[in-house]
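A.B. asks: Counting with the working numbering, you get residues 8 to 558 for the letters of the sequence shown. Virtual Cβ for every residue (Gly too), placed ideally from N, Cα, C. Since this is a predicted model, take the numbers as computed values, not measurements.
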Amino acid sequence: MTIRVLAQHVADAIAAGEVVERPASVVKELLENSLDAGARHITVEVRGAGRTLIRVADDGAGIPPVELRLAFRRHATSKVATVDDLGAIMSLGFRGEALASVAAVSDVEARSGGGRVRLRAAEVVEEGASIPVPGTAVEVRDLFATTPARLKFLKSEATETAACVRTVHSYALLYPEVRFEMTIDGRSTLKTPGDGDLSAAAAAVLGTAVAEELLEVEEDGVRGLVSQPRLTRGSRDGIIIAINRRPAASRSLLYAVEECYQGSLERGRYPVAVLDVIVDPHEVDVNVHPAKREVRFHAEGAIFARVQRGVRTALTGSAPYRLEPAPPPVAGVVREWHAPELHEARPALVTSPVPASIDPVSPLRALGQVKDGYLIAESEDGVVLVDQHAAHERVLYNRFLARLESRSLSPASQALLLPETIDLAPAQMAAAVDSRERLRSLGFEVEEFGPRALRVTAVPAETPASRALPALQELLEVLADSRADGAIARAAASLACHSAVRFGDRLDPSEQRKLLAELEVADRSITCPHGRPTRLVLSWQELKRHFRRNY
Ligand code: ADP
Ligand code: MG
Numbered sequence: 008m009t010i011r012v013l014a015q016h017v018a019d020a021i022a023a024g025e026v027v028e029r030p031a032s033v034v035k036e037l038l039e040n041s042l043d044a045g046a047r048h049i050t051v052e053v054r055g056a057g058r059t060l061i062r063v064a065d066d067g068a069g070i071p072p073v074e075l076r077l078a079f080r081r082h083a084t085s086k087v088a089t090v091d092d093l094g095a096i097m098s099l100g101f102r103g104e105a106l107a108s109v110a111a112v113s114d115v116e117a118r119s120g121g122g123r124v125r126l127r128a129a130e131v132v133e134e135g136a137s138i139p140v141p142g143t144a145v146e147v148r149d150l151f152a153t154t155p156a157r158l159k160f161l162k163s164e165a166t167e168t169a170a171c172v173r174t175v176h177s178y179a180l181l182y183p184e185v186r187f188e189m190t191i192d193g194r195s196t197l198k199t200p201g202d203g204d205l206s207a208a209a210a211a212v213l214g215t216a217v218a219e220e221l222l223e224v225e226e227d228g229v230r231g232l233v234s235q236p237r238l239t240r241g242s243r244d245g246i247i248i249a250i251n252r253r254p255a256a257s258r259s260l261l262y263a264v265e266e267c268y269q270g271s272l273e274r275g276r277y278p279v280a281v282l283d284v285i286v287d288p289h290e291v292d293v294n295v296h297p298a299k300r301e302v303r304f305h306a307e308g309a310i311f312a313r314v315q316r317g318v319r320t321a322l323t324g325s326a327p328y329r330l331e332p333a334p335p336p337v338a339g340v341v342r343e344w345h346a347p348e349l350h351e352a353r354p355a356l357v358t359s360p361v362p363a364s365i366d367p368v369s370p371l372r373a374l375g376q377v378k379d380g381y382l383i384a385e386s387e388d389g390v391v392l393v394d395q396h397a398a399h400e401r402v403l404y405n406r407f408l409a410r411l412e413s414r415s416l417s418p419a420s421q422a423l424l425l426p427e428t429i430d431l432a433p434a435q436m437a438a439a440v441d442s443r444e445r446l447r448s449l450g451f452e453v454e455e456f457g458p459r460a461l462r463v464t465a466v467p468a469e470t471p472a473s474r475a476l477p478a479l480q481e482l483l484e485v486l487a488d489s490r491a492d493g494a495i496a497r498a499a500a501s502l503a504c505h506s507a508v509r510f511g512d513r514l515d516p517s518e519q520r521k522l523l524a525e526l527e528v529a530d531r532s533i534t535c536p537h538g539r540p541t542r543l544v545l546s547w548q549e550l551k552r553h554f555r556r557n558y
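#1: Consult DSSP for Tyr277 and reduce its assignment to one of helix, strand or coil.
#2: Leaving out five residues before and five after Gly245 in sequence, what residues of the same chain have Cβ atoms less than 6 Å from its Cβ?
#3: So does the segment 213 to 222 actually touch the segment 300 to 317, counting three or more Cβ pairs closer than 8 Å?
#4: Below 8 Å on the Cβ atoms is my guess for Ala494 versus Glu400; work out the distance and round it to an integer in Å.
#5: In the segment 251 to 308, which residue ranges form an unbroken alpha helix (DSSP H) of at least 4 residues, counting only runs that do not cross its ends?
#6: The ligand ADP and Arg253: does any heavy atom of the ligand fall closer than 7 Å to the residue's C-beta?
#7: Taking 7 Å as the limit between beta carbons, can you name the residues of its chain near Asp66, skipping five residues before and five after?
#8: Which residues bound the beta strand (DSSP E) around Leu197?
#9: Are Tyr249 and Leu181 touching if we call contact CB-CB under 8 Å?
#10: Buried or exposed, going by whether 16 or more other CB atoms sit within 10 Å of the CB of Ser417?
#11: My understanding is that Cys171 touches Val17, with C-beta atoms under 8 Å, so please give their C-beta distance in whole angstroms.
#12: In chain order, which beta strand (DSSP E) runs of at least 3 residues are fully inside the segment 450 to 502?
#13: Report yes if the C-beta distance between Leu150 and Ile21 is below 8 Å; otherwise report no.
#14: Spell out the partners DSSP gives Ala64 in its beta bridges.
#15: Take Leu349 and list the residues in its own chain whose beta-carbon comes closer than 6 Å to its own, dropping the five residues that flank it on each side.
#16: Could you give the distance in angstroms between the alpha-carbon of Leu446 and the alpha-carbon of Gln519?
#17: Taking the C-alpha atoms as reference points, what is the distance between Gln421 and Arg276?
#18: Need the endpoints of the alpha helix (DSSP H) that Asp394 sits in, please.
#19: So which of Phe510, Glu52, Lys299, Val485 has the shortest CA-CA distance to Gln376?
#20: Tell me, to the nearest whole angstrom, how far the beta carbon of Asp202 is from that of Arg252; I am working on the premise that it is less than 8 Å.
#21: By the three-class DSSP mapping on this structure, what secondary structure does Gln235 have?
#22: Report the option in Ala128, Pro254, Leu238, Thr154 whose CA atom is closest to the CA atom of Leu38.
#23: Between which two residues does the beta strand (DSSP E) containing Asp430 stretch?
#24: Taking only the alpha-carbon atoms, compute the straight-line gap between Met189 and Val147 and give it to the nearest angstrom.
#25: Checking the sheet assignment: what are the DSSP bridge partners for Ile248?
#26: Using the Cα positions of Ala561 and Ala105, report the straight-line distance between them to the nearest angstrom.
#27: So, at 6 Å on beta carbons, what are the nonlocal neighbours of Gly228 in its own chain, with the 5 sequence-adjacent residues on each side left out?
#28: Given this structure, state the Cα-to-Cα distance separating His82 from Ser108, to the nearest angstrom.
#29: Following the continuous alpha helix (DSSP H) through Tyr558, name the residue where it begins and the one where it ends.
#30: Within 7 Å: the Cβ of Asn294 and any heavy atom of the ligand MG?
#31: Assign Glu36 to one of two classes, buried (16 or more other C-beta atoms within 10 Å of its C-beta) or exposed (fewer than that).
#32: Who pairs with Val124 in a beta bridge, going by DSSP?
#33: For the ligand MG, I want to know if Glu39 counts as a neighbour, meaning its beta carbon is within less than 7 Å of at least one of the ligand's heavy atoms.
#34: Output needed for Glu116: all residues of its chain with C-beta closer than 6 Å, excluding positions within five of it in sequence on either side, in chain order.
#35: What does DSSP give as the partner residue(s) for Ile191 in the beta ladder?
#36: Using the beta-carbon count (16 or more within 10 Å), is Gln395 buried or exposed?
In structure tokens form, the structure reads like this:
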């Protein structure tokens, strides 16, 4: 084939593909236009997973009827005029491509300011007057009907619908002052109050049970909500990060958030978060991705640090686990205690927030051990049941982490009666050589013993000698395959797990007292490093209610 310039409709379809990948992209572009127009009330209607209909109506500034047709021309925008404007973009849109792209791959009609225009495959097919109502309504039908290649790549209806929902949810959370309504196939699925209160928007979007588990972040230009470690999800879908209220897919900022939960969440569990980072618009380049999904910033490290500071400050106020308050007793009905379901927030789980400055744990007085696994204690709050393994894991994790971070320089070591030799894979061997100082800070003394073996002469005092070598093996695996920052926390968690007392180990009264005393003063003691709770509190209040006592 010889080189030719593409026919306009072919070029349009190609360009459109970059902006409009799937129904959720249409929802995103239309929402952004409504927000840019200063809307305070936006309704979104989705039918047939967005392929039948996507309708977004707003009460914003509107488009003058004489400009309606122009709005659908490629590179027609009211938001940017000069190249300089691109240096500090304040609006969500700026390329003038969205409406043109939508028109290239659908049947679209826009009504605004008493005017009406309809386009199909980028051609105007109808134009005229409409009843003047405030704002703008855009209806997109038969999306991708004429682009079979794109249609083929759409996922299931449920997945495409979910993507549309997630898009609306993100903006509803980032713009709590705007009232959002959404219907899917005629069913109302979302109504936010639009009163500017982020918690109220979160309650509408995520449900009150989840919203009550969220902690406020408000620091240094980072604002939003993050979940307590006990509320988690199986994917990162619950994390929304925005730069200047523009949702931004930034791996590094995702990592910044996740890292704050390091040592509090099980593997494969993720927090819920809505965070907006205010950045000088001159410091951000949003013009790097066709759908503006990616954002680049000049001072990435500083922004990363700000996000972590905000999240960490919020997390210091996490509340302890508590037994779900039992409903008032009903005569003749025996009620049982229900342990709270972990990682699934329910309103009943929520306790009054504990001020960060006050240690939420009052001194625990040991009363005994049951099932060779739970310690029973008494505190000011009530009767406390402690999972001995989880509690010990937390205590040791904190200690090992401090040693690894060289905050505590005195490892407690026990020399082995007979030095042991372990065989290692090359990657573990390399990790052992590189991490010699770290191992020593934990209490391990090792030396190379040939190219694939290590001689171990001493192990941490906390680690039972019989488990020390498997613990070291795993520690080296962790150090060999983890990236810099996470590696230390994971190493501490791995060693803590190997070293902690087991469920089933009998503890004598002095061991029970020691463990409870250590737990009392441990940081973040409400969970083990994997996010499992260390304790359950049966409050005096609950006992009183249960036994129907007045005192
Ligand atoms: P961009 O948002 O990048 O400017 P679009 O193609 O999305 O490009 O929209 C083109 C223009 O149409 C916008 O610049 C704006 O002037 C106008 N417009 C689109 N949607 C709306 C709306 N909902 N309310 C008011 N004006 C709108
Ligand atoms: Mg736009």
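C.D. replies: Concretely, from the data shown:
#1: strand
#2: Val279
#3: no
#4: Contact doesn't hold; Cβ gap of about 18 Å is too wide.
#5: 258 to 266
#6: no
#7: Ala46, Arg47, His48, Pro141, Gly142
#8: 194 to 198
#9: It is worth fixing the name first, because residue 249 is Ala in this sequence and not Tyr. Yes. Within cutoff.
#10: exposed
#11: The pair is not a contact, with the Cβ atoms about 28 Å apart (cut-off 8 Å).
#12: 452 to 455, 460 to 467
#13: no
#14: Thr50, Ala144
#15: Its pLDDT being 34, under 50, Leu349 is placed unreliably in this model, and the value from its coordinates should be taken loosely. Nothing listed; no residue qualifies.
#16: 29 Å
#17: 36 Å
#18: That residue, Asp394, is in no alpha helix (DSSP H); its beta strand (DSSP E) goes 389 to 394.
#19: Phe510
#20: The pair is not a contact, with the Cβ atoms about 17 Å apart (cut-off 8 Å).
#21: coil
#22: Pro254
#23: 420 to 430
#24: 15 Å
#25: Leu282
#26: No answer is possible for residue 561: the residues shown for the chain start at 8 and end at 558.
#27: Ile285
#28: 10 Å
#29: Here Tyr558 belongs to no alpha helix (DSSP H), and DSSP marks it neither H nor E.
#30: no
#31: buried
#32: Ala117, Glu134
#33: yes
#34: Arg125, Glu146
#35: Val53, Arg194
#36: buried
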